[in-house]
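Only one structure is covered here, and it is reproduced in the block below.
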Amino acid sequence: MTSVIESGWTYLITNFSDFQLACLGSFLLHESVFFLSGLPFIYLERAGWLSKYKIQMKNNATEAQDKCITRLLLYHFCVNLPVMIASYPVFRFMGMRSSLPLPSWKVRSTQILFYFIVEDFIFYWGHRILHTKWLYKHVHSVHHEYATPFGLTSEYAHPAEILFLGFATIFGPAITGPHLITLWLWMVVRVLETVEAHCGYHFPWSPSNFLPLYGGSDFHDYHHRCIYTKSGNYSSTFVYMDWLFGTDTGYRKLKALKSVEEAKYKDN
2 MTSVIESGWT YLITNFSDFQ LACLGSFLLH ESVFFLSGLP FIYLERAGWL
52 SKYKIQMKNN ATEAQDKCIT RLLLYHFCVN LPVMIASYPV FRFMGMRSSL
102 PLPSWKVRST QILFYFIVED FIFYWGHRIL HTKWLYKHVH SVHHEYATPF
152 GLTSEYAHPA EILFLGFATI FGPAITGPHL ITLWLWMVVR VLETVEAHCG
202 YHFPWSPSNF LPLYGGSDFH DYHHRCIYTK SGNYSSTFVY MDWLFGTDTG
252 YRKLKALKSV EEAKYKDN
């Protein structure tokens, strides 16, 4: 497996420059993973398939889904891509490389774990700030246009928010200067995580059923369907920040109430 990856990587660095791989390659990888993982949830909702796993019974109008896709393409090309290009010198200065040898899996996994910890901390506080009255009204309310989220709404946001919370995602890699393959792996995992958190479905195989402290779709869906000043559940991936600062109280009370109701239903 390692030799296959190294062979593929050799092809990339032989045929493309560092700039092309770090900027255009990263952008194409992001778009591919994001849309391939997010689009299926639109079709699930439209077709009504797997509806028993849907968290909210309400569906989004086709026009609202199309609007989301159109705006996303605009934001990705006009905000995300320029940011990738502009940040390239910073990453290079901090030591990012694409040359062989590739870092070991231990190095890659350790760095990605560090990125999750850093991202969770920065995102939590940034997200709470965005829920203050003025910033919510003028910036964050764009993301909350979809009270019933679906996968692609994970990146539907005001351009200022894309820059503001995007900082949380790139800060860890920016200060460590990782190998490009580590940066790509982090990007893939982060995109898949945020799409899953916004997908609107809670499946038996959802990661939150197996990973301790992982928020997932049920945790984040609660955040979207509550009034902005009382929503809570501000965390990005793992829920410990909300637990530490008591901003998941409403969600935990609701879960406890549901558990009691389900127990009564079973007894009857």
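Using my numbering, you'd call the opening residue of the sequence shown number 2 and step up by one each time. Each residue gets a CB set at the ideal place from its N, CA and C atoms; glycine is no exception. On a predicted model such as this, the values are computed, not experimentally measured, just so you know.
- Message: Applying the 10 Å Cβ sphere with the 16-neighbour rule, what's the burial state of A148?
- Response: Translated into the one-based positions of the sequence shown, residue 148 becomes position 147. Classification of A148: exposed, given that the 10 Å Cβ count is below 16.
- Message: If you reduce the DSSP assignment to three classes, tell me which class K138 lands in.
- Response: One-based indexing of the sequence shown puts residue 138 at position 137. In the three-state reduction of the DSSP assignment, K138 falls in the helix class, which pools H, G and I.
- Message: So for F151, helix, strand or coil by DSSP?
- Response: For the purposes of this step, residue 151 is taken as the residue at position 150 of the sequence shown. It is coil, neither helix nor strand.
- Message: Any contact between the stretch 105-117 and the stretch 163-183? By contact I mean 3 or more CB pairs, one from each, below 8 Å.
- Response: Contact between the stretch 105-117 and the stretch 163-183 is established, with three or more Cβ pairs separated by less than 8 Å.
- Item | Distance, Y125 Cα to S236 Cα | Numbered from 1 along the sequence shown, position 235 holds the residue referred to as residue 236. Numbered from 1 along the sequence shown, position 124 holds the residue referred to as residue 125. Rounded to the nearest angstrom, the gap between the Cα atoms of S236 and Y125 is 5 Å.
- Message: According to DSSP, is F211 part of a helix, a strand, or is it coil?
- Response: Here the question's residue 211 lines up with position 210 in the sequence shown. F211 falls in the coil class under three-state DSSP.
- Counting pairs of beta carbons, one from the stretch 2-14 and one from the stretch 86-101, are three or more of them closer than 8 Å? By the Cβ test, the stretch 2-14 is in contact with the stretch 86-101, since at least three Cβ pairs between them sit closer than 8 Å.
- Item | Spatially closest choice to N210 from F239, L82, R191, L40, by CA coordinates | On the sequence shown, residue 210 is found 209 positions in, with the first residue counted as 1. With distances taken between Cα atoms, N210 lies closest to F239.
- Query: So D219 is in the alpha helix (DSSP H); what residue range does that whole segment cover?
  - Reply: Taking the sequence shown and counting its residues from 1, one reaches residue 219 at position 218. It spans 217-225 - the alpha helix (DSSP H) in which D219 sits, taken as one unbroken run.
- Is the Cβ-Cβ distance between P150 and H225 less than 7 Å? As a first step, residue 150 must be located in the sequence shown, where it is residue number 149. As a first step, residue 225 must be located in the sequence shown, where it is residue number 224. Against a cut-off of 7 Å, the Cβ pair of H225 and P150 comes out as a contact.
- Query: Whose CA, out of L40, S27, H132, I6, lies closest to the CA of L153?
  - Reply: Walking along the sequence shown from the start, residue 153 turns up at place 152. Among L40, S27, H132, I6, the Cα nearest to that of L153 is on L40.
- Should the stretch 72-82 be called in touch with the stretch 153-169, which here means at least 3 C-beta pairs below 8 Å? Cβ pair count under 8 Å is three or more, so yes.
- Item | Proximity test, Cβ basis, 7 Å: T149 and chain D | Absent here is chain D; the protein component of the structure consists of one chain.
- Item | Burial state of R47, where buried means 16 or more other Cβ atoms lie within 10 Å | Counting from one through the sequence shown, the residue named residue 47 turns up at place 46. Result: exposed.
- Query: Thinking just about the alpha-carbon of each residue, which of L30, D222, I118, W135 is nearest to the one in K256?
  - Reply: By 1-based counting over the sequence shown, the position of residue 256 is 255. It is D222 whose Cα lies nearest to the Cα of K256.
- Task: Would you list the one or two residues that DSSP bridges to R98?
- Result: For the purposes of this step, residue 98 is identified with residue 97 of the sequence shown, where counting begins at 1. R98 pairs with H180.
- Who are the near neighbours of Q273 in its chain, counting only those whose CB is closer than 6 Å to its CB and skipping five residues on each side? Given that the chain is displayed from residue 2 to residue 269, the structure contains no residue 273 and the question cannot be resolved.
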